[in-house]
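Since the structure comes first, as structure tokens, the remarks are kept for the end.
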Amino acid sequence: MNQQTELLNIVNKLPQRYLSEAVSFLGYLQHKAEQETTIKEHLVAREKAAFIKYADELNTEAEDVLSYQAPIFENKDNEE
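Right, here's the structure in full:
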């Protein structure tokens, strides 16, 4: 028996007066799951933005270093 079937069996066995509480609790669990998904999506987006920012900074620094080294290598090529 899967969990969904088990849950339905439990709900079906509840007295009628408790059904609204069961529905409220399931609504709470659904809301909690949606919040977790939203938080996870936010964290992934924030990490992606940080990665892009630092990648851009590293690329800029690498280009700067290479711009100083290029003339050195060009001079060596001309000497040979």
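Counting in my numbering, the sequence shown runs from 1 upward without gaps. Backbone N, C-alpha and C fix where the C-beta goes; we use that ideal spot for every residue, glycine too.
{"Asked": "Length of the line joining the Cα atoms of Leu26 and His42", "Found": "24 Å"}
{"Asked": "Straight-line Cα distance separating Val44 from Tyr28", "Found": "24 Å"}
{"Asked": "Cβ-based neighbour list, Ala22, same chain, cut-off 7 Å, excluding 5 preceding and 5 following", "Found": "Val11, Leu14"}
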